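**Student:**
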C-alpha cells in the first residue's frame, strides 16, 4: 500500500538558517504530493503541492520538488523565521482521488 | 467564503459513552473525509462520504460511523468510547469530480476520553 516516510524531529534551527525536511514515499502510479503545516492548537493547512514528476511546489518561501527517480519530495526553505515553528506533514494521494496518506510529522522549532 | 467548520472545539467524555462530531464543508465542496490524529502522529483516514454514502473506509472498527446530509455536512459518531479514542478529529472537504482535488481541513475537534 501507499506510505510516506519523513525525517523524525524535532528539528531546532536558529532564525535565518536553511531548512530541509526529508520525505520519501511508496506508491503505485503517479501520486500527488503535498506538504501540510500544523500550527499549535490548529488544524492542517496546505503549504504546497506537486502533481507530477519534476513539478516544484512553492509557497511562503518553502519549496519542494517531486522527484520520481528517488521517490522523494523534500521540503526546503532558505531562511526560516520564528513564525515557521510548527509541525510539518508530508502526504500523498494517488490519482484516483483517494484519501491522503500522511507521514508522522516533523516538529520544527525556530529560535531567535 | 466560509472554510471548513467543525464543532465542538473540545469535548470530554467517559469510557463507554457515545460522541457525535460535526463538520460543514467548504462552500462548493461535495465530499467530506474524516481523519483521526493521535498525539504526536500524522492523521489517519477514517472514512469518506459522498452523495450521502460512505465511499471509502480506513482501518477503523464499526464503532466509528458517519453520516452525510443533503447539504453535504457530515457527522462522525463513535460508540463505546475507549481511552485510545482520545485524539484530534479532523474533517476535510473536497470536490470529488475535480481531478486531484485538494482537501481543505477544518480546525478539528479535540476529544478526550477519561
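Protein chains in written order, with our numbering: chain L, 1 to 112; chain Y, 1 to 114.
Here a beta-carbon is modelled for each residue, glycine too, at the ideal position from N, C-alpha and C.
Note that this is a predicted model, so its numbers are computed, not measured.
(1) Just list the residues that DSSP pairs residue 9 of chain Y with in beta bridges.
(2) In this structure, how does DSSP classify residue 83 of chain Y when only helix, strand and coil are distinguished?
(3) For residue 114 of chain L and residue 26 of chain L, which I take to be in contact (beta-carbon distance under 8 Å), what is that distance rounded to the nearest angstrom?
(4) Should residue 54 of chain Y be flagged as near chain L, meaning a C-beta pair shorter than 8 Å?
(5) Under the three-state reduction of DSSP, which class applies to residue 82 of chain L: helix, strand or coil?
(6) Classify residue 69 of chain Y as buried or exposed, calling it buried when 16 or more other Cβ atoms lie within 10 Å of its own Cβ.
(7) Pick helix, strand or coil for residue 12 of chain L, following the three-state DSSP scheme.
(8) Heavy atom of the ligand NAD less than 7 Å from the Cβ of residue 94 of chain Y, yes or no?
(9) Which residues does DSSP list as the beta-bridge partners of residue 17 of chain L?
**Tutor:** In brief:
(1) Within the second chain, residue 9 of chain Y is the residue found at index 9, counting from 1. None, per the DSSP bridge assignment.
(2) The residue given as residue 83 of chain Y occupies position 83 in the second chain. Correct three-state label for residue 83 of chain Y: helix.
(3) Not covered by the structure: residue 114 of chain L. The range shown for chain L is 1 to 112.
(4) Here residue 54 of chain Y refers to the residue found at position 54 of the second chain. Output row for residue 54 of chain Y: interface = no.
(5) Taking the first residue of the first chain as 1, we reach residue 82 of chain L at position 82. In the structure shown, residue 82 of chain L sits in a helix (DSSP, three-state: H, G or I).
(6) Locating residue 69 of chain Y in the second chain gives position 69, where the first residue counts as 1. Label assigned to residue 69 of chain Y: exposed.
(7) The residue given as residue 12 of chain L occupies position 12 in the first chain. Strand.
(8) Absent from the structure shown: the ligand NAD. Ligands present: none.
(9) Taking the first chain and counting its residues from 1, one reaches residue 17 of chain L at position 17. In the DSSP output, where bridge partners are listed per residue, residue 17 of chain L has none listed.
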